[in-house]
Each structure stands twice: as C-alpha cells, then as structure tokens.
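Student: In this text, residue positions in the sequence shown follow this note's numbering: the first is 27, and each later residue adds one.
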Amino acid sequence: MNTRPSLQNRLLVLTLTAVASIWLLATAMTWFDARHELDEVLDGHLAQAASLLTTHQVHEIIEKGESREPRTLHKYAPKVMYQVFHGGRLGLRSANAPDTPILDDGKELKAGFTSIQIKNREWRVFSTIGVESDVQVYVAEEVQARTAILYAVLRSMILPFIIALPILGLALWFAVRQGMSPITRLGRVLEQRQPAAVNPIEMDGTSKETQTVIQALNGLLERIAGLMESERRFTADAAHELRTPLAALRTQAQVAMAEHDEIKRQRALKNTLEACDRTSRLIEQLLTLSRLENNAEAEFLLFDMSATIRKQLADIAPKAISRNQKMELDMDCHCSINGNEILMSVLIRNLIDNAVRYSPEAAQILIHLSYINSLYILTIEDSGNGLSDQDIARLGERFFRIQSNAESGSGLGWSIAKRIAKAHHMDLQAERSEKLGGLKVTLSIPAPN
Ligand SMILES: Nc1ncnc2c1ncn2[C@@H]1O[C@H](COP(=O)(O)OP(=O)(O)O)[C@@H](O)[C@H]1O
Ligand SMILES: [Mg+2]
Numbered sequence: 027m028n029t030r031p032s033l034q035n036r037l038l039v040l041t042l043t044a045v046a047s048i049w050l051l052a053t054a055m056t057w058f059d060a061r062h063e064l065d066e067v068l069d070g071h072l073a074q075a076a077s078l079l080t081t082h083q084v085h086e087i088i089e090k091g092e093s094r095e096p097r098t099l100h101k102y103a104p105k106v107m108y109q110v111f112h113g114g115r116l117g118l119r120s121a122n123a124p125d126t127p128i129l130d131d132g133k134e135l136k137a138g139f140t141s142i143q144i145k146n147r148e149w150r151v152f153s154t155i156g157v158e159s160d161v162q163v164y165v166a167e168e169v170q171a172r173t174a175i176l177y178a179v180l181r182s183m184i185l186p187f188i189i190a191l192p193i194l195g196l197a198l199w200f201a202v203r204q205g206m207s208p209i210t211r212l213g214r215v216l217e218q219r220q221p222a223a224v225n226p227i228e229m230d231g232t233s234k235e236t237q238t239v240i241q242a243l244n245g246l247l248e249r250i251a252g253l254m255e256s257e258r259r260f261t262a263d264a265a266h267e268l269r270t271p272l273a274a275l276r277t278q279a280q281v282a283m284a285e286h287d288e289i290k291r292q293r294a295l296k297n298t299l300e301a302c303d304r305t306s307r308l309i310e311q312l313l314t315l316s317r318l319e320n321n322a323e324a325e326f327l328l329f330d331m332s333a334t335i336r337k338q339l340a341d342i343a344p345k346a347i348s349r350n351q352k353m354e355l356d357m358d359c360h361c362s363i364n365g366n367e368i369l370m371s372v373l374i375r376n377l378i379d380n381a382v383r384y385s386p387e388a389a390q391i392l393i394h395l396s397y398i399n400s401l402y403i404l405t406i407e408d409s410g411n412g413l414s415d416q417d418i419a420r421l422g423e424r425f426f427r428i429q430s431n432a433e434s435g436s437g438l439g440w441s442i443a444k445r446i447a448k449a450h451h452m453d454l455q456a457e458r459s460e461k462l463g464g465l466k467v468t469l470s471i472p473a474p475n
C-alpha cells in the first residue's frame, strides 16, 4: 500500500490552514478594534448621561420630597445605573442603584472613569460633580454588557466562516483535483508502460509543468535507449570479433596437446597464453569502442601503423595462401599515427579479411599505403566480384550481408570498422577497383602534427 502523503491532500490542508490563519488574525484584529471603539462610544454615552443628570434641580426634588422609586423602562436598564446626590443626600437613582454612593472611598470626588466590583460584577463608573459643587453624579454600566456586544460581533464573524469552511474545502478539493489531473494522468500513463519500453511518452492535453517533466523523462528515455542499443551492439560486436581469436586459441591448444616434443609443446602453450592475452585485450578494446560511442574519452597514443598493417597481413596470410590468393603489400612511407592500436588492428584486419574471404581462389589482393597532403592513404583492393553501388552504399549497416556468398559472417565487420574510423576521425570509403575489378576500400588517416 502506498503510505506516502498525497500531494493533493497536502495542498488542500496547506490552503485551508492558510485561510483559517488569515481569518483568525482578521478576527483578532476586529476584536481589539471593536473593543476599543465600543469602549470609546459607550464611555462617551456614560459621560453624556452624567452631564445630563447634573442639570437636574436635585435639591428641589429632595426638598419637595418627590424622590421616589424609579421604574425600569427597558430590559437593558438593569445593565446601567445612576445616582445623583445633593449635599450628601440621595436625590435621584435608577431602580438597580443602591442608596449609598457606589464610589465612596472617603476622598473628594473627582470627575472621571473607574472600574469597580459590585456583588462580584464589574462596573464601569463615570462620576462627576454638578454646577453646584455639592451635587455628585454617578453613572455606571456593567462591563459584561459591553463584552456581550463584542461576543455578538465575534459570533457574526465566526458563524459565516464555520459555514463557509466546509464549502471552501469542497471547492478547493475540486480545484486541486482538477489542477493535479495532468500529474495523475502522467502517473497512469507511466504505470501502463511496458517495463522495457523506451519510446517517448506521448500525452496530449498536458499542462506546462507536466510538459517539462515529460520532456525531461523523454530525454532520459532517449539516453537509456542509446545505452541499451550500445549494450546490444557491444554484445553482437564481441561475438563477431571473438570468433577469430577463439578459433586461434583452440588451434594453439590442439597443437600443444598433440605435441610430444617438450620444447615445442612449451612453445605451443606459450602461444596459447599469448592468444588468451590478445583475446582479453580485444574484449577490453571492444568495451572502449562501446564507451567511445557514448562520448567517453579513449586513450590515444602514438603508434607504428605500418607495423600494425604488416602484423595483420601476416595473421591472415595463411588463409590467403590456402586459397591460392596473391597478396601484395606496397608501402611508400612509414606511418606513425595517434590512436588506439588494438582498435586500429581490428579495423585493418576486418578489411583485409573481407578481401580474402569474399574474393575467389587465386584472386589478387593489393594493399597500398601512401602519404598525400598530410594524409596517409591506405587502400585495400581485390580482384573479386566486388559489390554493386547499392550494396556499397549499405556497407556499415549492421548485419548487412550479401546472402548469396558462401562465406559465413554476421555482417558486422564494416559497422565496427566504420565506428572505429569515426572515433579516430578517419574516413573510410569503398568503391569499384579500377585496377583489379573487385572492391577497393580507402582509409584516409590524418597524419599527426
Ligand atoms: N571485398 C569484398 N568483396 C566482395 N564483397 C564484400 C567485400 N567486403 C565485404 N563484402 C560484402 O559485404 C558484406 C558485409 O561485410 P562485413 O560488414 O565485413 O560483414 P561480415 O561479417 O559478413 O564479413 C559481406 O557479407 C560481403 O558480402
Ligand atoms: Mg567482414
């Protein structure tokens, strides 16, 4: 089961948290602001009421004895109270006010606001003295009444939010789901692909972001396809190139087995070991070729190319002799080049081997090396049947073979040769031989500076 957190849920939670936080902050700000404003307005009302009360002719009321129990006129009235004293005697008061001054700390009364506790309730009191200084006025309001107003404001903010939150959540869920759908679809497309599929991902109706991911994935797939192809190529090349040295190894081992003379046997065994070494070097170099094609750097050294040509010729000569073919080597110059000696041996052996293999008995093979305009030109010509222009154009295609010829082969020799030539910045071409009538292969080798 996939236990990783879903991107969709994360987005949803993050957005909802952000919205809730902003709303909480706004509510807190409104609360403080409203409290301040409310205090100011209600304090103003208290002061206003007090100043109205100071204008009453309280002493007349007292003298006439008209002071009577007042009535409660509004349900809000118990939340406010007032007292008017004249010369220390109560003149007027609200129904809920006591007979004695609510502020009686023994000190001389000063106009202003105070907060006091009456019967465990907090009251905001405004006290003042009248025009006649022996008139004292107290107007008080219960603080809880103010808080109730604030709570009402808060409720009116919270309620819509509580109702809106699930709706917002649902709308966001839909929006996020819609927004994420290209990613979800890409996931499904990738899931449905065959494990070995390296063809580019094709998906229409994608977003800009997923298009970038698809492009990056396609780039990666292309590189993987290249690597897989080069691995396949390496396997086939190795199989092609190892046939000859393995056959030689087998011959040497057979010779060693059949030999009774100890010295000759030792020589045959030594040859076997050398063939083993050559084979492992060859495998290594084929790996080098495979890496070269993947843009890796190979170690190129200056080496004697004339010697390499001679050596390859000597190796193939027995086969030519057995076929009664006439091989001729003509070198106008000595050739030293910069490159990989083993890979170059593979290239030359393949070309000479083709001339021997695909020319009939008693054919003539001419190998010529010359130096023209900073280039070493190596040509290998034979008097065989040659190839048509179409077939010449196809040389270098992997597994290209002429079906009619009796010789066994895999059609990889030219492909390997061409790639080695390319890695060495050499040019390899084939054409009809004017001189011998068969195939003429030309390798142009840039001379080292
Ligand atoms: N010198 C040549 N004369 C005639 N045909 C040739 C010659 N060289 C190559 N070919 C043809 O080209 C085909 C491809 O050669 P190559 O790539 O070396 O593969 P292979 O492994 O079959 O030798 C051969 O099958 C052969 O038919
Ligand atoms: Mg060949």
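For every residue, glycine included, the Cβ atom is placed at its ideal position computed from N, Cα and C.
Alpha carbon to alpha carbon, how far is H286 from A274?
Tutor: The residue given as residue 286 occupies position 260 in the sequence shown. The residue given as residue 274 occupies position 248 in the sequence shown. Roughly 20 Å between the two C-alpha positions.
Student: I'd like to confirm something about G439: is its beta-carbon nearer than 6 Å to some heavy atom of ligand 2, or not?
Tutor: The sequence position of residue 439 within the sequence shown is 413, counting from 1. Correct: G439 has its Cβ closer than 6 Å to ligand 2.
Student: Let me confirm a value: D59 is counted as buried when at least 16 other C-beta atoms fall within 10 Å, else exposed. Which label applies?
Tutor: Within the sequence shown, the letter at position 33 stands for residue 59. Looking at its Cβ environment, which holds fewer than 16 other Cβ atoms inside 10 Å, D59 is exposed.
Student: K466 bridges to which residues according to DSSP?
Tutor: Locating residue 466 in the sequence shown gives position 440, counting from the first residue. K466 is bridged to E407 and E457.
Student: Give a yes or no on whether 7 Å exceeds the smallest Cβ distance from V281 to chain B.
Tutor: Absent here is chain B; the protein component of the structure consists of one chain.
Student: Taking G113 as the reference, which of A381, A178, P104 and Q162 has the closest Cα?
Tutor: As a position in the sequence shown, residue 113 is number 87, starting the count at 1. Among A381, A178, P104 and Q162, the Cα nearest to that of G113 belongs to Q162.
Student: Suppose you measure from the CA of E460 to the CA of L308; what does that come to, to the nearest Å?
Tutor: Position 434 of the sequence shown, counting from 1, holds the residue named residue 460. Position 282 of the sequence shown, counting from 1, holds the residue named residue 308. E460 and L308: Cα-Cα distance of roughly 35 Å.
Student: Would you kindly check if the distance between the Cβ of L355 and the Cβ of I393 is under 7 Å?
Tutor: If you number the sequence shown from 1, residue 393 lands on position 367. If you number the sequence shown from 1, residue 355 lands on position 329. It is a contact, given that the beta carbons lie within the stated cut-off.
Student: Is I418 near ligand 3, in the sense that its beta carbon is under 6 Å from a heavy atom of that ligand?
Tutor: Ligand 3 is not part of the structure shown, which contains ligand 1 and ligand 2 as its ligands.
Student: How many angstroms separate the CA atom of R420 from the CA atom of A381?
Tutor: For the purposes of this step, residue 420 is identified with residue 394 of the sequence shown, where counting begins at 1. For the purposes of this step, residue 381 is identified with residue 355 of the sequence shown, where counting begins at 1. The straight-line gap from Cα to Cα measures roughly 17 Å.
Student: The alpha helix (DSSP H) with Y177 in it runs from where to where?
Tutor: Start at 1 with the first residue of the sequence shown, and residue 177 comes out as number 151. First-last of the alpha helix (DSSP H) with Y177: V169 to Q218.
Student: Hey, would you say G422 sits closer than 7 Å to S441, going by beta carbons?
Tutor: Here residue 422 refers to the residue found at position 396 when the sequence shown is read from its first residue. Here residue 441 refers to the residue found at position 415 when the sequence shown is read from its first residue. Yes.
Student: Would you say the beta carbon of I393 is closer than 6 Å to some non-hydrogen atom of ligand 1?
Tutor: Start at 1 with the first residue of the sequence shown, and residue 393 comes out as number 367. No - ligand 1 has no heavy atom lying nearer than 6 Å to the Cβ of I393.
Student: Alpha carbon to alpha carbon, how far is E235 from L176? Give it in angstroms, no decimals.
Tutor: Within the sequence shown, numbered from 1, the residue matching residue 176 stands at position 150. Within the sequence shown, numbered from 1, the residue matching residue 235 stands at position 209. Going from the Cα of L176 to the Cα of E235 covers about 48 Å.
Student: Measure the C-alpha to C-alpha separation of L462 and S470 and round it to an integer number of angstroms.
Tutor: Position 436 of the sequence shown, counting from 1, holds the residue named residue 462. Position 444 of the sequence shown, counting from 1, holds the residue named residue 470. Roughly 20 Å separates the two Cα atoms.
Student: For I347, count neighbouring Cβ atoms within 10 angstroms of its own Cβ and tell me buried if that reaches 16, exposed if not.
Tutor: One-based indexing of the sequence shown puts residue 347 at position 321. So I347 ends up on the exposed side.
Student: Using DSSP bridges, identify the partner residues of F111.
Tutor: As a working note, residue 111 is residue 85 in the sequence shown. Answer by DSSP bridge pairing, in chain order: L116 and Q162.
Student: Go through the stretch 303-379 residue by residue and report every complete run of the alpha helix (DSSP H) that reaches 4 residues or more, in order.
Tutor: Qualifying alpha helix (DSSP H) stretches, in chain order: 331-348.
Student: Answer with buried or exposed for H266, where buried requires no fewer than 16 other C-beta atoms within 10 angstroms of its C-beta.
Tutor: As a position in the sequence shown, residue 266 is number 240, starting the count at 1. Counting Cβ neighbours within 10 Å, H266 comes out buried, since at least 16 surround it.
Student: Please report how far the alpha carbon of Y259 lies from the alpha carbon of S371, in whole angstroms.
Tutor: Indexing the sequence shown from 1 puts residue 259 at position 233. Indexing the sequence shown from 1 puts residue 371 at position 345. Reading the sequence as shown, one finds Arg at residue 259 and not Tyr. The alpha-carbon atoms of R259 and S371 are separated by roughly 19 Å.
Student: Bridge partners for G138 per DSSP, in chain order?
Tutor: Your numbering for residue 138 matches position 112 in the sequence shown. Note: G138 sits in a beta bridge opposite S153.
Student: For ligand 2, is there any heavy atom lying closer than 6 Å to the beta carbon of N244?
Tutor: One-based indexing of the sequence shown puts residue 244 at position 218. False, no ligand heavy atom lies under 6 Å from that Cβ.
Student: Tell me whether L318, by its Cβ, gets closer than 6 Å to a heavy atom of ligand 1.
Tutor: Taking the first residue of the sequence shown as position 1, residue 318 is located at position 292. Answer for L318: no, Cβ out of range of ligand 1.
Student: What residue range does the beta strand (DSSP E) around Q390 cover?
Tutor: As a working mapping, residue 390 is identified with position 364 in the sequence shown. Q390 to I398 is the span of the beta strand (DSSP E), which, as asked, contains Q390.
Student: Please check the pair M206 and V215, which I expect to be a contact at CB under 8 Å, by giving their CB distance rounded to whole angstroms.
Tutor: In the sequence shown, residue 206 corresponds to position 180, counting from 1. In the sequence shown, residue 215 corresponds to position 189, counting from 1. About 15 Å separates the two Cβ atoms, so there is no contact after all.
Student: DSSP three-state label for E423, please.
Tutor: Taking the sequence shown and counting its residues from 1, one reaches residue 423 at position 397. Note: E423 maps to coil in three-state DSSP.
Student: What whole-angstrom Cβ distance do I391 and Q338 have, given they're in contact under 8 Å?
Tutor: Residue 391 sits at position 365 when you count from the first residue of the sequence shown. Residue 338 sits at position 312 when you count from the first residue of the sequence shown. I391 to Q338, Cβ: 13 Å. No contact.
Student: Exposed or buried, F200, counting other C-beta atoms within 10 Å across all chains shown (16 or more means buried)?
Tutor: Within the sequence shown, residue 200 is the residue found at index 174, counting from 1. Under this definition F200 is an exposed residue.
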